[in-house]
Amino acid sequence: MNTTNRNTEITLLARSAPYGSGAAKLCLDVSIAAAVFEQTVNYIFLDDGIYQVLDEQDASAINSKSFGKTLEALGLYGIEKLYVDEDSLRKRNLSTNQLLPQVELVNVEAIKKFINQSKFVLTL
Amino acid sequence: MKFSLVVHSAPYSSQSAATALHFAQQLLIQGHEIYRLFFFGDGAHNASKLAVVPQDETHIQQQWDSLIAENNIDSVVCVSSALKRGIINLEESNRHDLKSISLSDSSEVAGLGQLIDASINSDRLMNFG
Chain A
17 MNTTNRNTEI TLLARSAPYG SGAAKLCLDV SIAAAVFEQT VNYIFLDDGI
67 YQVLDEQDAS AINSKSFGKT LEALGLYGIE KLYVDEDSLR KRNLSTNQLL
117 PQVELVNVEA IKKFINQSKF VLTL
Chain B
204 MKFSLVVHSA PYSSQSAATA LHFAQQLLIQ GHEIYRLFFF GDGAHNASKL
254 AVVPQDETHI QQQWDSLIAE NNIDSVVCVS SALKRGIINL EESNRHDLKS
304 ISLSDSSEVA GLGQLIDASI NSDRLMNFG
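Chain order of the listed sequences is A and B.
Going by this note's numbering, the first residue of the first sequence is number 17, and it counts up by one from there.
Going by this note's numbering, the first residue of the second sequence is number 204, and it counts up by one from there.
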């Protein structure tokens, strides 16, 4: 790889619940890879994806690691904010105090803007 | 235009992998360039050379293999997706003492850095699956 030092913006749309499929984990892996290669990552949770950012997840009953714990550690890679679609939150009757502390609510206009200014959008 | 394709879906389970294959074939017919194919998650199964498909059905893995080999396309399978799905090259087969190889000769395994690199260096990056 010769040109990865060029900084581009990448938007990840996490739309799947954390444990039912491998999608959430794949999306997380891409976010870490992008951050390691010094790209700007907009990590956006919408639809069932917002269950990934629920605080106090406990996946021990299915022998899984808590997905929320892993997301919390993303700050180490320079991903400080996790964006959450406010519509998806409202539709599931959840509120921000049930979510991880680094979550920031965004509306559909803000998400459109992230997508527009990104070189690469990945939905998982 | 320079394209890269990310394929997330296994062949035969849904139409998505076949759509990606047809898209890739059409890109070259229409004079575009493919910078990289990246097989991710279940998409790793597209790079298996051990699949046997009934004669009256499309052999998706074989078609990928010919497309990649004939056009000298850079084709990468995410290494962690590949290993846990049994998509194994010679090096990994030796390392884990597996005595078999399933990765198509036309593809290689590599890390997610190759996906980020493709996103930077392609004009368009298309997701399938």
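For every residue, glycine included, the Cβ atom is placed at its ideal position computed from N, Cα and C.
The model shown is predicted, which means the values in this text are computed figures rather than measured ones.
Contact residues of the segment 319–331 of chain B toward chain A are Ile-319, Asp-320, Ala-321, Ser-322, Ile-323, Asn-324, Ser-325, Leu-328, Asn-330 (C-beta to C-beta distance below 9 Å).
For Ala-75 (chain A), no chain B residue has a C-beta closer than 9 Å to its own C-beta; the minimum C-beta separation is roughly 19 Å. By the beta-carbon neighbour count (other beta carbons within 10 angstroms, threshold 16), Ala-51 (chain A) is buried. When Cβ-Cβ separations below 8 Å define contact, Leu-230 (chain B) makes no contact with chain A. Per the DSSP secondary-structure output, Val-57 (chain A) pairs in a beta bridge with A:Ile-26. For the pair Ser-219 (chain B) and Gly-332 (chain B), the Cα-to-Cα distance works out to about 5 Å. Per DSSP, the unbroken beta strand (DSSP E) holding Thr-139 (chain A) starts and ends at 136–139. Within the segment 257–312 of chain B, the alpha helix (DSSP H) runs of at least 4 residues that lie entirely inside it are, in chain order, 263–274, 282–287, 293–298. Residues of chain A whose Cβ lies closer than 7 Å to the Cβ of Phe-243 (chain B) are, in chain order, Leu-42. From the listed residues A:Ala-49, A:Asp-64, A:Thr-56, the smallest Cα separation to Arg-106 (chain A) is found for A:Asp-64. Judged by pairs of C-beta atoms under 8 Å, the segment 306–315 of chain B touches the segment 270–280 of chain B, as three or more such pairs exist. In this structure, the beta-carbon distance from Val-124 (chain A) to Val-100 (chain A) does not fall below 8 Å.
Residue environment: Asn-249 (chain B) is assigned as buried (16 or more neighbouring CB atoms within 10 Å of its CB, all protein chains considered). DSSP places Lys-128 (chain A) in the helix class (H, G or I) of the three-state scheme. The beta-carbon separation of Leu-140 (chain A) and Leu-62 (chain A), rounded to 12 Å, does not stay under the 8 Å limit for a contact. For Val-46 (chain A), the neighbours in chain B by C-beta distance under 7 Å run, in chain order, Leu-315, Leu-318. The beta carbons of Ala-227 (chain B) and Leu-208 (chain B) sit closer together than 8 Å. By the 16-neighbour rule on beta-carbons within 10 angstroms, Asn-23 (chain A) is exposed.
Contact note: Ile-26 (chain A) reaches chain B through Ser-322, using a C-beta cutoff of 7 Å and chain order. Residues of chain B with a Cβ closer than 9 Å to the Cβ of Thr-139 (chain A) are, in chain order, Asn-330. About 7 Å separates the beta carbon of Leu-90 (chain A) from that of Ser-47 (chain A), a gap short enough to meet the 8 Å contact definition. Contact residues of the segment 118–136 of chain A toward chain B are Lys-135, Phe-136 (C-beta to C-beta distance below 9 Å). Neighbours of Gly-38 (chain A) in chain B, taken as residues at a C-beta separation under 8 Å, are given in chain order as Gly-244, Asp-245.
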